[in-house]
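Input: a single structure, listed below in structure tokens.
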Amino acid sequence: MSVASLNGGRAFLDLVKRDLVLAFRTPGQTLNPVAFYLMVASLFPLGIAPEKALLSQLAGGIVWIGALLAVLLSLDSLFRSDQEDGSLDQLLLSPHPLPLLVLAKISAHWLTTGVALIVMAPLLALMLHLPTQAFPALLLSLLLGTPLMSLAGGIGAALTVRVQRGGILLTLLSLPLYIPVLIFGTGAVQTAVEGLSYSGHLLWMAALLMLGLCLAPLAIAASLRIVADG
Amino acid sequence: MLEVAKLRCERDDRVLFSNLSIQLSPGELLQIEGCNGAGKTTLLRVLAGLSGDYRGQVIWRGQKLSRVYADFRLSTFYFGHKPAVKTELTPVENILWRSSLRNESYSEQSVFSALEHVNLAGYEDIPCGQLSAGQHRRVALADLSLSTTPLWILDEPFTAIDVDGVAWLEQRLAQHISEGGAVVMTSHQSLSKLSDRVRKLRLEAFSAVDEETGHEESEAWL
Chain A
21 MSVASLNGGR
31 AFLDLVKRDL
41 VLAFRTPGQT
51 LNPVAFYLMV
61 ASLFPLGIAP
71 EKALLSQLAG
81 GIVWIGALLA
91 VLLSLDSLFR
101 SDQEDGSLDQ
111 LLLSPHPLPL
121 LVLAKISAHW
131 LTTGVALIVM
141 APLLALMLHL
151 PTQAFPALLL
161 SLLLGTPLMS
171 LAGGIGAALT
181 VRVQRGGILL
191 TLLSLPLYIP
201 VLIFGTGAVQ
211 TAVEGLSYSG
221 HLLWMAALLM
231 LGLCLAPLAI
241 AASLRIVADG
Chain B
189 MLEVAKLRCE
199 RDDRVLFSNL
209 SIQLSPGELL
219 QIEGCNGAGK
229 TTLLRVLAGL
239 SGDYRGQVIW
249 RGQKLSRVYA
259 DFRLSTFYFG
269 HKPAVKTELT
279 PVENILWRSS
289 LRNESYSEQS
299 VFSALEHVNL
309 AGYEDIPCGQ
319 LSAGQHRRVA
329 LADLSLSTTP
339 LWILDEPFTA
349 IDVDGVAWLE
359 QRLAQHISEG
369 GAVVMTSHQS
379 LSKLSDRVRK
389 LRLEAFSAVD
399 EETGHEESEA
409 WL
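Protein chains in written order, with the numbering used here: chain A, 21 to 250; chain B, 189 to 410.
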């Protein structure tokens, strides 16, 4: 069999499909981050003050921080179950390029976590009295930001896959990478609240997403190889 | 096919094997024996290209393994000591994703008949979480039996398999070898049906003995 007959596209789609089926069959695990998202966002009015004027100022930041923490929570299982049952070795030994397979796993992660967070966001924004003119900015910034968080967090998830109870370490590794995403995301929402043009923030996020799409799969693949070698 | 020259591996300041040379040709089965902790799994992971932490050379079809990974991986089936079976998926789904990763594709019909051969008929649509550990390994073995890859690297394939399963697997290995395939495996099982085709390699603490040549292939240790 020659290398030219490799069908990477099929392997990519099959792996995305497999991970979606897995997520669908373990609804508890898939919905946990979403429930967590809802809880975190509803703690702020209780903890600060349920005043409309104050909350509408904070709403963008609260929704964004909630989304960030929910993604972090979901990342721990990204490669861990594959490592535990030996599937990770099959991934590493596949003739297909590992970054491609990694991208498939990240895509499935975003489709199950990121999309759910985007769908929930308007509900939370309403609850927190976010001015309606800022809704498009919130949704667009989340649409660009959540895949970026899946990609960047995947690096930490890959590095900690063999660490027992590596949750804290994963958080410490991933949070610094999330800071630019958070700054541009909340920045976009804030400028929209003030009625200004927020396209600059979104373009920056789109640029970061392109950078992440190109580099993160390579970094994750390299991390997985290093971690498996031991 | 697969060649190992002067391989030396250390883990945690302990030398597992050194100056180890193996030649594996099509139609051969190399059985690696050794006590627990002798480095059998480590050796297999090196041979499969999962571990790069070694000295010496691994050569695949005349070229250094690190240069021909893609060709090597297209030609290899690795059966690890964890079966790589997803508990949420059915046996059929498991075999299909595994084969897709290896760039092989089987018809649904052939998957069903392979599952029948490993005594999993009737379990095709039951999530593997409801099956036993031995049945998980049987799912992986059904995948193995379908594979057309020439080199099989098997880590303790007989673990948790009952007597019938052992006989079936031995027969499948014999068929694979007679078709020009090669097998490297760790096992303590004596392969009665294959005795004329088996070469044995015994890994002992700090040394490796190839029983065919009878040479003690070890260096002196301080």
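Note that the Cβ used here is the ideal one computed from N, Cα and C, for glycine as well.
Assigned secondary structure, residue i (DSSP; H/G/I helix, E/B strand, else coil)
| i | result |
| --- | --- |
| Ile240 (chain A) | helix |
| Glu404 (chain B) | Confidence in Glu404 (chain B) is poor, its pLDDT being 45 and thus under 50, which makes the residue's placement unreliable; the coordinate value appears in the next sentence. It is a strand residue. |
| Lys194 (chain B) | strand |
| Leu277 (chain B) | coil |
| Ser288 (chain B) | helix |
| Glu296 (chain B) | helix |
| Phe265 (chain B) | strand |
| Leu410 (chain B) | Residue placement at Leu410 (chain B) is poorly supported in this model, since its pLDDT is 31, which falls under 50; the coordinates still yield a value, given next. In the structure shown, Leu410 (chain B) sits in coil (DSSP, three-state: anything other than H, G, I, E or B). |
| Val371 (chain B) | strand |
| Arg390 (chain B) | strand |
| Leu238 (chain B) | coil |
| Leu272 (chain A) | Shown here, chain A extends from 21 to 250; a query on residue 272 (chain A) therefore has no answer. |
| Met21 (chain A) | For Met21 (chain A), the predicted model reports a pLDDT of 44, less than 50, meaning its position is unreliable and no value from the coordinates is stated. |
| Leu235 (chain A) | helix |
| Gln103 (chain A) | helix |
| Leu319 (chain B) | coil |
| Phe155 (chain A) | helix |
| Gly244 (chain B) | strand |
Interface partners of residue i on chain B, CB under 8 Å
| i | result |
| --- | --- |
| Thr46 (chain A) | Glu276 |
| Asp249 (chain A) | Leu238, Ser239, Gly240, Asp241 |
| Leu179 (chain A) | Here the premise fails: no neighbours, minimum Cβ distance about 17 Å. |
Cβ pair residue i, residue j closer than 8 Å
| i | j | result |
| --- | --- | --- |
| Ile220 (chain B) | Leu231 (chain B) | yes |
| Arg196 (chain B) | Gly244 (chain B) | yes |
| Leu51 (chain A) | Phe64 (chain A) | no |
| Val209 (chain A) | Ala141 (chain A) | no |
| His305 (chain B) | Ala330 (chain B) | yes |
| Leu190 (chain B) | Leu235 (chain B) | yes |
| Ser209 (chain B) | Val192 (chain B) | yes |
| Glu312 (chain B) | Val280 (chain B) | yes |
| Ser378 (chain B) | Phe265 (chain B) | no |
| Arg326 (chain B) | Gly222 (chain B) | no |
| Phe56 (chain A) | Leu93 (chain A) | yes |
| Leu144 (chain A) | Thr166 (chain A) | no |
| Ala302 (chain B) | Ser254 (chain B) | no |
| Leu150 (chain A) | Gly80 (chain A) | yes |
| Thr278 (chain B) | Ile314 (chain B) | yes |
Neighbouring residues, chain B, relative to residue i (Cβ below 7 Å)
| i | result |
| --- | --- |
| Gln184 (chain A) | Here the premise fails: no neighbours, minimum Cβ distance about 16 Å. |
| Arg30 (chain A) | Ser288 |
| Asn27 (chain A) | Asn291 |
| Arg38 (chain A) | Trp285 |
Option nearest residue i by Cα separation, candidates the options
| i | options | result |
| --- | --- | --- |
| Ala128 (chain A) | A:Leu35, A:Gly173, A:Gly48 | A:Leu35 |
| Asn98 (chain A) | A:Glu214, A:Thr211, A:Leu171 | The residue you asked about is not Asn; residue 98 (chain A) is Leu in the sequence shown. It is A:Leu171. |
| Pro117 (chain A) | A:Met147, A:Met225, A:Arg30, A:Gly205 | A:Arg30 |
| Leu228 (chain A) | A:Ala212, A:Ser161, A:Gln184, A:Ala177 | A:Ser161 |
| Leu33 (chain A) | B:Pro271, B:Trp285, B:Asp259, B:Gly225 | B:Trp285 |
| Lys125 (chain A) | A:Leu163, A:His149, A:Leu89, A:Ile175 | A:Ile175 |
| Leu235 (chain A) | A:Leu146, A:Leu120, A:Thr206, A:Leu158 | A:Leu120 |
| Asp241 (chain B) | B:Gly227, B:Ser287, B:Gln251, B:Gly250 | B:Gly227 |
| Ser107 (chain A) | A:Asp39, A:Leu131, A:Met59 | A:Asp39 |
| Arg182 (chain A) | A:Ser243, A:Gly134, A:Ser219, A:Leu113 | A:Ser243 |
Neighbour list for residue i in chain A, Cβ cutoff strictly below 9 Å
| i | result |
| --- | --- |
| Pro271 (chain B) | Asp105, Gly106 |
Neighbour list for residue i in chain A, Cβ cutoff strictly below 7 Å
| i | result |
| --- | --- |
| Thr236 (chain B) | For the record, residue 236 (chain B) in the displayed sequence is Ala; it is not Thr. Neighbours of Ala236 (chain B) on chain A, chain order: Leu113. |
Chain A residues whose Cβ lies nearer than 8 Å to that of residue i
| i | result |
| --- | --- |
| Ala193 (chain B) | What Ala193 (chain B) touches in chain A: nothing, since even the nearest Cβ is about 20 Å away. |
*In the region 309-336 of chain B, which residues sit with their C-beta less than 8 Å from some C-beta in chain A, listed in chain order?*
Pro315
*Please name the residues in the region 207-233 of chain B whose beta-carbon is closer than 7 Å to at least one beta-carbon of chain A, in chain order.*
none
*Listed from N- to C-terminal order along the chain, which residues in the region 103-123 of chain A have their beta-carbon within a distance smaller than 8 Å of any beta-carbon of chain B?*
Glu104, Asp105, Gly106, Ser107, Asp109, Gln110, Leu111, Leu112, Leu113, Ser114, Pro115, His116, Leu121
*Going along the region 259-270 of chain B in order, which residues come within less than 8 Å of chain A, judged by CB to CB distance?*
Asp259, Arg261, Leu262, Ser263, Thr264, Tyr266, Gly268, His269, Lys270
*Along the region 47-60 of chain A, what residues have a CB closer than 9 Å to any CB found in chain B?*
none
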